[in-house]
Structure formats: structure tokens, C-alpha cells
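Sequential numbering of the sequence shown, starting at 3, is according to the working numbering.
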Amino acid sequence: MKWWRLAETLAAMYAGILLASVVGSRPRCVRAMVRPLRPLLGEDRMGRAAVLSVLSSSVAMYAARDAVRGTRDVVALLLLMAFPSSIAAAVQFYLPVVAPLVGPACPVLVAVSTSSALITTLIGRASRRVRDDGLGPVEDLRLVREPVRTANLVFLRVGPPVVAVILLFHWCERNRLLDPLVLHLAPLASWFHLPPASSLVILGCLANVSVGAVIGAELMDAGRLDWWDAALSLSLGRAVSLLRIHAQFLAPPAASFFGHAGIAGVAVRTLVESAVNAALVWVLSLATHPHHCWTRC
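Following this line, the structure appears as C-alpha cells:
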């Protein structure tokens, strides 16, 4: 393992996190991201509330708590929130954390995740019942209050796991512990026309997408995946891991604000977004199938 590559990766990761934090602390920058979403989500109270999920899903649910009437409205709200939430995830996590690891594979991951979230949001808008005249404008839009402190906290949260996974991956590779795992997980990748080693990336994403990105970067360096394979593997891994992501970050506030209807809404959102995400990966992998060699791993 080249230690200078690890240091370079961590430095690029911190720089990206700091830049995202600085941008997120500027209300004008955040407002520029929020404004284009309003025509997509609608100007009624639920649509205005869903816009706030670019800042926080909990804030969006709190703003919409008086606008929902029953499970159908909760489901529609959570579906509406998918696209603005994906924008926030891209700015706060994928671009600063994943991009330094996998380079050109990251824009593909962001494109697939935001596209699947956009389709999910459109489904939510089609199922919504419009009733009232909307919320007033929100003046103080900030993703973070203290950008440097936030960047340090985020980096300390994601940096050590990245280092740990890199070290563990190389240890397993030296001891030839990965080959049996690839063999047993290969059918999962083959369903989506991906090389067998892609299964390791998908498995890593079940723990965290950054873990999957670390594994993908190591496999790219070893020549076992190209950047397109890594991009599709990460995109599929994200689709598989949405159950964990939503259970961890979306379900607690949904249950708190909406009770059983919130849990039902999270289940529907997870099912719809995961299915759309996986379908997009399947279409992309099928379209590029002739250009791959499935026996190289």
C-alpha cells in the first residue's frame, strides 16, 4: 500500500468536506439550491415543507405536520422529500467524501441517486392531495452554522473508518481472504451484468457507502474494476443499503411526528426509491454489457 496515496485521499476528502460546509453556511448559496425545487414540489404547504428537506428531513416533517391527514398524505410527503434530500446528500456526503476515493465514478453515482430520487418525488407529487395556500418564506437558510467545526467533526467521523477499511482490505488481500467471498457473492453482481468483484463493493455499502467507495477504490487500483464498474457497483450498493439508510435517518423522525403512518411512509419510500435505483443500474449495465469482460476477476 502506498501511504502517500492514503494521505492524499484523506487531504482531498477533508478539503471537500470543508468546502461543502462553507457553502452550506452561506444562506445565499443554500437559497440558490432551494429556489429551483419549489416549482417541482409545488407551492402548497406540503410542497413548501418538502423543500426544506434539502436542509433536514426532520425540519421538513416538522413543517408539514399540520398539513398531513392520514397515511396517504404522509406517504406523499416522504416521497416528495426524496429529490431535495438527494441534493443535500450529494453536497454534504457524496461529492466531498466519495469523490476523492473513486474519482469519475462519483458523478455517475450522484446522477443515478438523484435521478431515482427525482422519479420518486414525481410519484409523490402525482399522489399528493393539494389543499392549502402554502407556507411563508424561510429567511435563514443554512445547512451548517460553524463550517470549520462542522468539517472537523464530519472528517473525524468518516476519516478513521476509511483508514480502517483500507488497512483491513489490504490485510485480507495479502492473506487471500477475499477470493472465497467474491466467489459466493458473484451471482448478485451477475444479475446486473457486473464483474464478480463488484459484490465486495455492494457488501461494503451495506455498512456505509463510504466503505463501499473505499473497497471500490482499492479494486480499481488493483485493476479488478474500471471506473464504470465501480460507479454501477456503488449505485447498486446504495440501492441495497437504502433500507439501512432510511431506518437510521428517516424512520426515527417519521415515527416521532406521524406514528405508524410515518413507518408506513418510510417503508413505501424505501421500496419505491430502491426499486427505481436498482432499475436504473440494470438499464445502464445492460446498455454497456457488450463492452465488459466478466471473466477478468
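By construction, the Cβ of each residue, glycine as well, lies at the ideal position given by its N, Cα and C atoms.
All of these numbers come straight from a predicted model, not from anything done at the bench.
Would you kindly work out how many angstroms separate the C-alpha atoms of S235 and L205, rounded to a whole number? 10 Å
Check whether the stretch 70-78 touches the stretch 267-283, taking contact to mean three or more Cβ pairs, one atom from each stretch, closer than 8 Å. yes
Beta carbon of V56 nearer than 8 Å to that of L39: yes
H262 classed as buried or exposed, judged by whether at least 16 other C-beta atoms fall within 10 angstroms: exposed
Are the CB atoms of L82 and R50 nearer to each other than 8 Å? no
So, using beta-carbon positions, are M63 and P254 closer together than 8 Å? no
Assuming contact is defined by CB atoms lying nearer than 8 Å, are S87 and A119 in contact in what I supplied? yes
Give the straight-line distance between the Cα atoms of A281 and G72, rounded to the nearest whole angstrom. 30 Å
Would you check if the distance between the CB atom of L208 and the CB atom of R246 is smaller than 8 Å? yes
Taking the alpha carbon of A191 as the reference point, which residue from E275, W284, R47, M222 has its own alpha carbon closest? W284
Shortest alpha-carbon distance to T123 belongs to which of A17, G44, S243? G44
Would you tell me roughly how many angstroms separate the C-alpha atoms of V70 and P189, rounded to the nearest one? 43 Å
Assuming M48 is part of the alpha helix (DSSP H), what are its boundary residues? 47-53
Complete runs of the alpha helix (DSSP H) confined to the stretch 67-131 [at least 4 residues]: 73-82, 84-91, 101-104, 107-129
By a C-beta neighbour count over all protein chains shown, 10 Å radius and 16 as the cutoff for buried, is P41 buried or exposed? exposed
For L288 and E148, I'd like the C-alpha separation in whole angstroms. 45 Å
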